[in-house]
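Comments concern the structure below.
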Amino acid sequence: MLAVIFFLLIVPLAAQQKKDSSLVFDDISGWMSYLTSDRLKGRVEGSVENREVTDSIAAYFKLLGLKPFKSDNFLQTFYRHPDDSTITTSNVIACLPGTEKPDEYILLSAHFDHVQIGYYNKKDKIYNGANDNASGTSVLLALARQLSMTGPHTRSILFCAFNAEEAGLIGSTHFSENINARQIVAGINLEMLGYPQFGKNTIMLTGMLKSDLYSLLKKRMPGSGIRIRRERGDLFQRSDNYPFAKNGVPAHTLMASDDREPCYHSPCDELKRMNLPNMTSLTIGIQILIDGLLNGADTPKRIDSADLQ
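Position in the sequence shown counted from 1, then plus 972, gives you the numbering used here.
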């Protein structure tokens, strides 16, 4: 099954040199179908299925020609419980080195784990986690291919597929504690992009008043086809952007829905509810929104930890 998926995703790579909505759609469709399959049982961290997804993403980054980040492989392994070395979990980290500013990084991230099943629905015993967060992961991987084809860029790009987010931002916290945060110019985390709760081509930027990143992205909204709406709730502190924000990085999460979405953390969060054409439009639009970050034209101010209180 994986061999077929990678064949479909990789074959056009050599011939493709620019943005192509049909290719983006195919990438998103392929990854969504794989990640939400019942066979993977929701990709719960610590499971055999989660490990398979970890290895699959690492293999894909390698096929794209991306580089490991300060390591000899794409996996950053950590202990789920510090006092138990028998249970390991891994993030998947890849780098696309920049040209003029290789030591300045733009971090693009999404978590690929889903919640541990807390109870069984009489009709559906599998929590597939399509919106949360197969959708963000699929957009991340589609962006990885697009940006690797259009790069290299002025700044380096870190593609971070984080694990154990649902257990308390464990994977992103581990990564944030093992890097030089001053080198991370900005962080864009991708979460729940499959169900257009706010309307088509509309996303929310969490913590939009915590830094000036929103004002920089807003300048590029007209050309992106994306509308950024006002945020609601406390989601800025509840996703993988937050460990970096605490270290001063202007790191925020882009979302097309929030925790009021009807199937949030429920068995009905399935592929059939996802709007793949809208995810494709968002992926292409996000490339435009972040272009100034990638080419060095835009540099958001650091976050003051006092503003997070």
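Backbone N, C-alpha and C fix where the C-beta goes; we use that ideal spot for every residue, glycine too.
None of the values given here were measured: they were computed from a predicted structure.
Report, in whole angstroms, the separation of the C-beta atoms of residue i and residue j, which I expect to be a contact under 8 Å.
| i | j | result |
| --- | --- | --- |
| LYS1182 | ASP1279 | 6 Å |
| ASN1213 | PHE1134 | About 10 Å; that fails the 8 Å criterion. |
| LEU1012 | ALA1082 | Wrong, their Cβ atoms sit about 16 Å apart, outside the cutoff. |
| LEU1130 | LEU1079 | 5 Å |
| GLU1137 | ASP1085 | 6 Å |
| MET1004 | ALA1106 | 6 Å |
| GLN1155 | TYR1077 | 5 Å |
| HIS1125 | GLY1070 | 6 Å |
Could you work out which residue in the options is closest to residue i when comparing CA atoms only?
| i | options | result |
| --- | --- | --- |
| VAL1111 | ASP999, SER1005, TYR1051 and GLU1203 | ASP999 |
| SER1277 | GLU1242, THR1071, PHE1216 and GLU1163 | PHE1216 |
| THR1225 | TYR1236, SER1009 and ARG1204 | ARG1204 |
| LEU1047 | ILE1151, LYS1034, ALA1153 and ALA1030 | ALA1030 |
| GLY1088 | GLU1072, VAL1016 and ASN1250 | What sits at residue 1088 in the sequence shown is Gln, not Gly. Checking every option, the nearest Cα to that of GLN1088 belongs to VAL1016. |
| GLY1195 | GLY1257, ALA1136 and THR1109 | GLY1257 |
| THR1061 | ARG1052, ASP1230 and LEU1265 | ARG1052 |
| ARG1199 | GLY1179, LEU1207, ALA1228 and ALA1223 | ALA1228 |
| SER1120 | SER1028, ALA1102, ASP1096 and TYR1032 | TYR1032 |
| CYS1240 | PRO1040, LEU1007, ALA1102 and ASN1045 | ALA1102 |
| LYS1097 | GLU1242, ASN1045 and LYS1273 | GLU1242 |
| GLY1179 | GLY1159, ALA1158, PHE1208 and LEU1185 | PHE1208 |
| ARG1202 | LEU1115, ILE1151, PHE1170 and PRO1272 | PHE1170 |
| ALA1158 | PHE997, THR1271, PRO1040 and LYS1034 | THR1271 |
| MET1115 | ALA1066, ILE1151, GLU1072 and ASP1104 | First, the amino acid is wrong: residue 1115 is Leu here, not Met. Comparing Cα-Cα distances from LEU1115 to each of ALA1066, ILE1151, GLU1072 and ASP1104, the minimum goes to ALA1066. |
| PHE997 | ASP1010, THR1049, GLN1118 and ILE1160 | GLN1118 |
| ARG1290 | ARG1232, GLY1220 and LEU1068 | Past the edges of the chain, shown from 973 to 1281, lies residue 1290, and the structure says nothing about it. |
| LEU1038 | ASP1010, TYR1006 and SER1128 | SER1128 |
| PHE1050 | GLU1072, SER1144, TYR1006 and ILE1262 | SER1144 |
Between residue i and residue j, what straight-line distance do the alpha-carbon atoms span, to the nearest angstrom?
| i | j | result |
| --- | --- | --- |
| LEU1177 | SER1019 | 31 Å |
| LYS1042 | THR1026 | 18 Å |
| ARG1210 | THR1174 | 20 Å |
| PRO1234 | PRO1074 | 42 Å |
| LEU1036 | GLN1259 | 17 Å |
| LEU1248 | SER1001 | 7 Å |
| PRO1269 | GLY1197 | Going by the sequence as given, residue 1269 is Ala instead of Pro. Distance between the alpha carbons of ALA1269 and GLY1197: 20 Å. |
| PRO1168 | THR1252 | 12 Å |
| VAL983 | TYR1099 | With a pLDDT of 49 at VAL983, under the threshold of 50, the predicted position of this residue should be treated as unreliable, and no value is reported. |
| SER994 | THR1255 | 12 Å |
| MET1246 | THR1109 | 14 Å |
| THR1008 | CYS1132 | 20 Å |
| ARG1023 | ILE1142 | 16 Å |
| ALA1223 | ARG1192 | 18 Å |
| GLU1149 | GLY1140 | 15 Å |
| LEU1188 | SER1028 | 34 Å |
| ASP1184 | THR1058 | 43 Å |
| LYS1218 | ASN1045 | 27 Å |
| LEU1266 | LYS1172 | 25 Å |
| GLY1264 | ASP1055 | 43 Å |
| PRO1040 | LYS1034 | 8 Å |
| ASP1104 | ASP1010 | 15 Å |
| GLY1123 | LEU1068 | 8 Å |
| SER1238 | GLU1021 | 19 Å |
| ASP1230 | LYS1244 | 18 Å |
| ILE1160 | TYR1186 | 11 Å |
Counting contacts by CB-CB distance shorter than 9 Å, is residue i in contact with chain D?
| i | result |
| --- | --- |
| VAL1064 | Absence of chain D from the displayed structure is noted, only one protein chain being present. |
Across which residues does DSSP place residue i in a beta bridge pair?
| i | result |
| --- | --- |
| GLN1048 | ASN1063 |
| PHE1131 | ALA1066 and LEU1080 |
| ASN1161 | SER1081 and THR1225 |
| MET1193 | For MET1193, which the question treats as bridged, DSSP gives no partner whatsoever. |
| ILE1256 | Bridge partners of ILE1256: none, in fact. |
| ILE1175 | ILE1200 |
| LYS1039 | CYS1067 |
| LYS1073 | ARG1127 |
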